[in-house]
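Remarks on the structure that follows.
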Amino acid sequence: MDLHAEREVAQGLREESGQSWQTLYDAFALRVWNSVARRVSSGSDVADIVQETFLAAARSARNYDPERGSLWCWLSGISRNQTALFFRKRASRHDLAGDLELPGREAEPAELLAAKELAIAVRRVLSLLPLDYETLLVGKYLDELSLEDLAAAENSSASAIGSKLARARQAFRNEFEKQTQPKLSREASL
């Protein structure tokens, strides 16, 4: 969606135009879904978070300012907040219920467990990065977008996006090491 089309959709959202909501949904629903699915493994939880994202967008549409960022940045920020809210609610439920082990449940093979732990660590690290870094890394490596596509989405040049992507990768590396280092240190001392 180009800048002119985004401004028209934004105006329609502020005026509560059903057509603008349909355009927004058609343009971004799959992208929001994929973004949430990278952070949350359960399909039903993803569906709930995507629904909450669009409901929150509907509640805040009058406050959307195209000068502050694209529709995608606005929606991805909302989805990120909804995902964080989901994890906070789930953590408080686990605190109340305790960690109950279901009878008859078998342990996963070591490889599957390691892959699952890595995916969780990557999701956690991505969620700790600034939104623009997370968006670039997800776009480049998970959505497989080219630098030109990323630049068009950010209204920037490919070389500027390339530089920002390098900073995002470095920030990811630093945060990943920080998040995994204590665990590695504890395991080494055992």
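Just so you know, the sequence shown maps onto residues -17 to 172 in the working numbering.
Note that beta-carbon positions come from the ideal geometry of N, C-alpha and C, so glycine has one too.
{"Query": "Return the residue from the list PHE69, LEU119 and SER58 that minimises the CA-CA distance to ALA9.", "Result": "SER58"}
{"Query": "Return yes when the Cβ of LEU67 is within less than 8 Å of the Cβ of LEU6, no when it is not.", "Result": "no"}
{"Query": "DSSP three-state label for GLU93, please.", "Result": "helix"}
{"Query": "LEU(-15): buried (16+ other C-beta within 10 angstroms of its C-beta) or exposed?", "Result": "exposed"}
{"Query": "With the cut-off set at 8 Å, would you say SER143 and ALA153 are in Cβ contact?", "Result": "Checking the sequence, you will find Ile at residue 143 rather than Ser. In this structure, ALA153 does not lie closer than 8 Å to ILE143 by Cβ."}
{"Query": "Whole angstroms are fine: how far does the CA of LEU113 sit from the CA of ARG151?", "Result": "13 Å"}
{"Query": "Compute the beta-carbon to beta-carbon distance between LEU173 and GLU157, rounded to the nearest angstrom, for a pair I have assumed lies under 8 Å.", "Result": "With the chain represented from -17 up to 172, any question about residue 173 goes unanswered, as that position is not in the structure."}
{"Query": "Measuring straight from C-alpha to C-alpha, what distance separates VAL22 and ALA73?", "Result": "14 Å"}
{"Query": "Go through the segment 90 to 148 residue by residue and report every complete run of the alpha helix (DSSP H) that reaches 4 residues or more, in order.", "Result": "92 to 110, 113 to 119 and 129 to 136"}
{"Query": "Look at the Cβ atom of ALA31, then the Cβ atom of GLN64, and state whether they are nearer than 8 Å.", "Result": "Looking at the sequence shown, residue 31 is not Ala but Ile. Against a cut-off of 8 Å, the Cβ pair of GLN64 and ILE31 comes out as a contact."}
{"Query": "Output yes if chain B places a C-beta closer than 8 Å to the C-beta of PHE36; else output no.", "Result": "No chain B is part of this structure, which consists of one protein chain only."}
{"Query": "Cβ atoms of LEU124 and ALA140: under 8 Å apart, would you say?", "Result": "no"}
{"Query": "If you run the structure through DSSP and keep just helix, strand and coil, what is GLY59?", "Result": "helix"}
{"Query": "Rounded to whole angstroms, what is the Cα-Cα separation between ARG(-11) and VAL28?", "Result": "28 Å"}
{"Query": "Assuming contact is defined by CB atoms lying nearer than 8 Å, are ALA43 and ARG13 in contact in what I supplied?", "Result": "no"}
{"Query": "Could you work out which residue in TRP3, SER(-1), ALA11 and ARG20 is closest to VAL107 when comparing CA atoms only?", "Result": "ARG20"}
{"Query": "Where do the N-terminal and C-terminal ends of the alpha helix (DSSP H) with ASP(-16) fall, by residue?", "Result": "Element bounds for ASP(-16): n/a, residue is neither H nor E."}
{"Query": "Give the secondary structure of GLY51 by DSSP, where H, G and I count as helix, E and B as strand, and everything else as coil.", "Result": "coil"}
{"Query": "Short of 6 Å in beta carbon distance, which residues of its chain neighbour TRP15, apart from the five on each side in sequence? Order them along the chain.", "Result": "VAL32"}
{"Query": "Which of the three DSSP states is assigned to GLU(-3) in this structure?", "Result": "coil"}
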